[in-house]
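Residue numbers (UniProt numbering): 1 to 816.
Here a beta-carbon is modelled for each residue, glycine too, at the ideal position from N, C-alpha and C.
Structure first, then comments.
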């Protein structure tokens with residue numbers, strides 16, 4: 001029979017367990033009838049006095065006789081740990097039991113002894129199993145484990161570690177290992193055949209000595225107790241170097257500024273590279289790479305040991321603003337590795353270059369009618385200097401019709417800013433100035449030549465609006481009488497001028513009947529000889545036409561005034577003669593001195609001085625008896641008649657004009673005396689004379705001349721009416737009256753200005769013909785009109801352009 005015992009709650013020994021409050025005593029008693037063996041179980045480290053079991057009760061011994069029977073425990077090794085109370089028969093712990101000291105790692109661990117009683121002698125075997133508690137933490141043999149691992153070892157490699165020791169057994173023994181958190185290693189726990197655990201480091205990520213040359217980890221061994229106990233040790237891993245790192249420069253790109261006038265051997269910059277490897281793997285030397293731009297090696301030198309770069313040639317900012325040097329650093333490892341960097345050497349500019357300008361898309365010729373904003377050329381202005389030295393400004397003069405318009409940072413447009421006039425300025429020499437902002441300031445200058453091409457914008461121009469040509473009558477037909485010249489300010493074809501005559505009518509005939517014009521030079525030719533007595537003046541219109549597209553024209557009026565020549569002799573109109581007979585005058589016999597015998601009246605078809613007549617007594621029977629008025633033509637007596645003077649007197653009177661040479665004519669007057677009319681003629685001087693034969697003769701002459709002029713005027717009026725009637729049918733006549741245009745001309749003449757002539761259209765040749773000017777009649781009194789009462793009527797062609805008529809005689813315009 002077996003029995004198990006548990007500690008009781010009121011046991012004093014249990015109350016003294018001190019730190020073992022969780023321990024319970026389980027008394028398991030196993031009785032074997034044959035052997036009489038009892039088995040108990042207690043935990044190790046039980047406190048002294050801890051109840052183990054009641055031997056008396058389990059062996060069914062009387063507790064009262066235990067002492068008498070001398071109950072004792074017989075054992076070689078357990079007597080010191082257990083003891084029996086003879087009064088109660090209770091087996092209790094006499095001394096702290098350490099399972100690890102008693103059994104070590106053996107399992108199970110028991111204390112065996114025999115219980116002997118006498119009287120009668122009984123021997124009972126008792127076995128007390130000592131149960132392990134987790135009272136020991138795992139421990140490592142060393143506080144620090146050292147490992148050396150090459151950085152080139154591939155991931156997956158394993159590195160065994162020393163195992164920890166835990167005196168406890170079973171579940172209280174080492175259960176697992178743990179490694180502190182890191183980037184490279186994990187822990188791999190292996191079980192031995194005896195159930196113990198061992199640990200291995202597992203490389204999970206390649207090592208990098210340059211990042212971490214030494215790894216310090218903590219290895220922890222954890223047992224399976226409740227609560228678990230653990231022990232730790234430090235694992236120091238040294239990463240062994242491999243030439244797996246290239247030299248690295250402090251900067252990937254070095255930047256330095258250097259004046260372009262830097263002297264030879266001037267310090268530029270020092271480059272530095274470091275290699276994370278060790279030993280020879282970390283030693284580097286410097287050099288330029290082989291594929292530097294041509295010539296750079298001649299400008300700079302590099303110290304292979306120190307990395308210093310110095311100038312060894314002449315630098316020029318204008319050749320290169322920046323030099324890019326590529327430097328390499330090579331280590332001395334077995335498999336040499338190289339690192340690279342760039343050195344950018346910026347050349348600091350000095351203001352030693354003037355601005356440069358370049359013209360593109362040049363249009364050296366621009367039409368004079370080009371609108372403002374027309375692009376002449378593009379100007380690119382650059383300065384090979386930099387910074388302030390390269391800031392360029394441009395300018396052209398302000399007093400020209402051009403301006404600069406900025407299009408891009410360094411480009412300008414030269415455009416027109418105003419209208420152009422080739423006739424005023426055919427060419428422009430535009431002075432372009434460009435200067436930089438450096439110190440000292442540098443500048444450049446250029447002259448841009450721009451030619452203005454012609455357009456036909458100027459009509460031919462005559463020097464005068466009206467020309468007056470004086471032409472002597474009886475001119476030679478075909479001779480040049482005048483030349484007009486027009487000027488066209490345009491060029492080439494636009495300035496080539498041709499001349500033509502605009503048709504107008506002169507005394508019912510076209511102007512081309514009288515004159516012609518040379519289309520090339522403007523010479524005007526008379527087509528026939530002119531007669532002042534028939535045509536005193538006329539006007540023609542000459543047109544100048546250029547050859548531009550479209551052509552432009554202008555015209556000028558030419559007043560041709562026919563100058564009189566002394567080609568007509570004076571004609572005696574009074575006294576009348578018949579068949580060449582002499583005129584007969586009868587005087588009273590008693591005619592006194594200064595008696596008016598008769599008056600010689602003569603006319604000259606010429607004009608001016610050529611028509612100024614003088615009268616001379618050429619022959620006389622008695623030259624002392626008569627005298628003739630030099631300008632009046634009056635024949636008067638110089639004294640009273642005497643007896644011998646009564647015979648008929650013959651007077652030859654010469655009428656001479658004032659022309660050069662002068663022309664003359666003569667008339668013979670016979671003067672006779674009548675004895676019966678002396679009183680009558682003497683009374684004529686005293687009283688109002690009655691009409692006599694001379695008075696009637698003068699009256700007849702006036703009536704005849706007046707009638708002739710009136711008939712002539714009627715004919716002219718009829719011709720004008722017919723012409724106006726025809727013009728109304730052709731669209732060029734007056735609307736209401738046939739001489740409306742004459743009234744307009746008359747008004748214009750009175751205001752001192754010319755009015756363009758209205759013209760007729762000749763349907764066959766398509767030319768416009770001017771209407772002839774009106775005919776005017778002037779009534780002139782003779783030099784001696786107060787005495788003779790003779791009237792002279794003269795006709796002339798009144799030019800509508802003439803505004804300077806100075807004749808003080810009465811002028812009448814016959815126009816209804």
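Residue pairing for residue 381: DSSP places it in a beta bridge opposite 357. Comparing alpha-carbon positions, the option among 38, 96 and 42 lying closest to residue 124 turns out to be 38. Apart from the 5 residues on each side of it in sequence, residue 543 sits with its Cβ closer than 6 Å to the Cβ of 500, 502, 553 and 555 in its chain, given in chain order.
For residue 453, DSSP records a beta bridge to 367. Following the DSSP letters along the chain, one finds residue 429 inside the beta strand (DSSP E) bounded by residues 427-436. Looking at the DSSP output, residue 165 shares a beta bridge with 139. Residue 296: not part of any beta strand (DSSP E); member of the alpha helix (DSSP H) spanning 296-299, first to last residue.
If one requires a minimum length of 3 residues, the beta strand (DSSP E) runs lying completely within the stretch 298-353 are 300-302, 308-311, 322-331 and 338-348, in chain order.
The beta carbon of residue 407 is closer than 6 Å to those of 413 in its chain, skipping five residues each way along the sequence. Note on geometry: alpha-carbon atoms of residue 126 and residue 61 lie some 15 Å from one another. Around the CB of residue 360, fewer than 16 other CB atoms lie within 10 Å, so the residue is classed as exposed. With respect to residue 89, residue 63 sits close: the two C-beta atoms are nearer than 9 Å.
Minimum Cα-Cα distance from residue 392 among the listed residues 411, 402 and 399 corresponds to 411.
By the Cβ neighbour-count rule, residue 99 is buried, with 16 or more other Cβ atoms within 10 Å of its own. Beta-bridge analysis with DSSP links residue 635 to 598 and 628. Inter-residue distance for residue 348 and residue 490 is about 57 Å (C-alpha atoms, whole angstroms). Around residue 421, the same chain offers 368 as residues with beta carbons nearer than 7 Å, after the five sequence neighbours per side are excluded. Per DSSP, the continuous alpha helix (DSSP H) segment holding residue 56 begins and ends at 55-59.
Boundaries of the beta strand (DSSP E) around residue 585: 583-588.
When only Cα atoms are considered, residue 325 and residue 316 end up about 16 Å apart. Under the three-state reduction of DSSP, residue 192 is assigned to coil, being neither helix nor strand.
The beta carbon of residue 252 is closer than 8 Å to those of 341 and 342 in its chain, skipping five residues each way along the sequence. Within its own chain, the residues whose Cβ lies closer than 7 Å to the Cβ of residue 144, once the five positions on either side in sequence are excluded, are 233, 234 and 236, listed in chain order.
Secondary structure at residue 389: helix, using DSSP grouped into helix, strand and coil.
The Cβ atoms of residue 562 and residue 531 lie closer than 9 Å to each other. As computed with DSSP, residue 448 is found in a beta bridge with 430.
Taken through DSSP and simplified to helix, strand or coil, residue 494 comes out as helix.
Annotated as proximal: residue 521 and residue 483, with beta-carbon spacing under 9 Å. Two segments are said to touch when three or more pairs of C-beta atoms, one from each, lie closer than 8 Å; by this definition the stretch 431-448 touches the stretch 374-389. By DSSP's assignment, residue 553 forms a beta bridge with 545. Note that the C-beta distance between residue 85 and residue 223 is not below 9 Å. Bounds of any beta strand (DSSP E) do not take in residue 400, whose DSSP letter is neither H nor E.
Here residue 539 is buried, its C-beta having at least 16 other C-beta atoms within 10 Å. By the CB criterion at 9 Å, residue 311 and residue 262 fall inside the cutoff.
Per DSSP, the continuous beta strand (DSSP E) segment holding residue 39 begins and ends at 38-43. Nearest Cα to residue 192 within the set 209, 185, 174 and 201: 174.
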